[in-house]
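The structure appears right after this line, and notes come after that.
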Amino acid sequence: MAIKSVSIRIEEEMLNKIAHIADYEGRSVNSQVLVLIRENIKAFENVNGVIDGNITPASNVKPTRKQ
(Lines of atoms letter the chains of each structure in order from A and count residues from 1; the text may use other names and numbers.)
(Lines give C-alpha, C1' and ligand atoms only; values in the text may rest on other atoms or scores of the structure.)
Protein backbone atom coordinates (compact mmCIF):
# COMPACT_ATOMS: atom_id res chain seq x y z
CA MET A 1 0.00 0.00 0.00
CA ALA A 2 1.39 3.38 -1.00
CA ILE A 3 1.57 6.11 1.61
CA LYS A 4 0.42 9.52 0.39
CA SER A 5 0.81 12.91 2.01
CA VAL A 6 -2.13 15.30 2.37
CA SER A 7 -1.98 18.89 3.52
CA ILE A 8 -5.04 20.37 5.23
CA ARG A 9 -6.02 23.79 6.50
CA ILE A 10 -7.25 23.63 10.09
CA GLU A 11 -8.20 26.23 12.67
CA GLU A 12 -5.57 26.64 15.37
CA GLU A 13 -8.07 25.88 18.16
CA MET A 14 -9.11 22.64 16.49
CA LEU A 15 -5.48 21.62 15.95
CA ASN A 16 -4.72 22.32 19.61
CA LYS A 17 -7.66 20.18 20.69
CA ILE A 18 -6.67 17.30 18.40
CA ALA A 19 -3.10 17.59 19.73
CA HIS A 20 -4.42 17.41 23.30
CA ILE A 21 -6.45 14.28 22.53
CA ALA A 22 -3.53 12.71 20.66
CA ASP A 23 -1.21 13.35 23.59
CA TYR A 24 -3.75 11.89 26.01
CA GLU A 25 -4.03 8.77 23.81
CA GLY A 26 -0.24 8.52 23.45
CA ARG A 27 -0.28 9.24 19.72
CA SER A 28 1.08 11.85 17.37
CA VAL A 29 -1.39 14.27 15.79
CA ASN A 30 -0.89 12.47 12.47
CA SER A 31 -1.71 9.09 14.03
CA GLN A 32 -4.76 10.54 15.79
CA VAL A 33 -6.08 11.95 12.51
CA LEU A 34 -5.57 8.55 10.85
CA VAL A 35 -7.54 6.88 13.67
CA LEU A 36 -10.40 9.35 13.15
CA ILE A 37 -10.36 8.79 9.38
CA ARG A 38 -10.39 5.00 9.79
CA GLU A 39 -13.30 5.23 12.26
CA ASN A 40 -15.22 7.46 9.84
CA ILE A 41 -14.64 5.09 6.91
CA LYS A 42 -15.73 2.10 9.01
CA ALA A 43 -18.91 3.88 10.14
CA PHE A 44 -19.72 4.91 6.56
CA GLU A 45 -19.17 1.38 5.25
CA ASN A 46 -21.30 -0.11 8.03
CA VAL A 47 -24.23 1.99 6.78
CA ASN A 48 -23.56 2.12 3.04
CA GLY A 49 -21.53 -1.01 2.24
CA VAL A 50 -17.87 -1.50 1.56
CA ILE A 51 -16.21 1.12 -0.62
CA ASP A 52 -14.45 -0.40 -3.62
CA GLY A 53 -10.70 -0.14 -3.00
CA ASN A 54 -10.17 0.86 -6.64
CA ILE A 55 -12.30 4.00 -6.50
CA THR A 56 -10.50 7.06 -7.83
CA PRO A 57 -10.62 10.33 -5.91
CA ALA A 58 -12.13 12.14 -8.91
CA SER A 59 -15.13 9.82 -8.97
CA ASN A 60 -15.59 10.24 -5.21
CA VAL A 61 -15.81 14.05 -5.23
CA LYS A 62 -19.17 15.64 -4.64
CA PRO A 63 -20.05 17.95 -7.54
CA THR A 64 -20.29 21.64 -6.80
CA ARG A 65 -23.70 23.25 -6.41
CA LYS A 66 -22.76 26.17 -8.65
CA GLN A 67 -24.63 26.32 -11.94
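Residue numbering for the sequence shown follows our numbering, beginning at 19 and increasing consecutively. All C-beta atoms, glycine included, are put in the ideal place defined by N, C-alpha and C. The model shown is predicted, which means the values in this text are computed figures rather than measured ones.
Cut-off 7 Å between Cβ atoms - residues of its own chain near residue i, not counting five sequence neighbours on either side
i            : result
glutamine 50 : Ile36, Ile39, Ala40, Glu43
Same chain only: Cβ atoms within 8 Å of residue i, ignoring 5 sequence neighbours per side
i             : result
serine 46     : Ala40
asparagine 66 : none
glutamate 20  : It is alanine, not glutamate, that sits at residue 20 in the sequence shown. Within the same chain, alanine 20 has no close Cβ partners at all.
Residue from the options with nearest C-alpha to residue i
i         : options             : result
lysine 22 : Glu31, Asn34, Leu52 : Leu52
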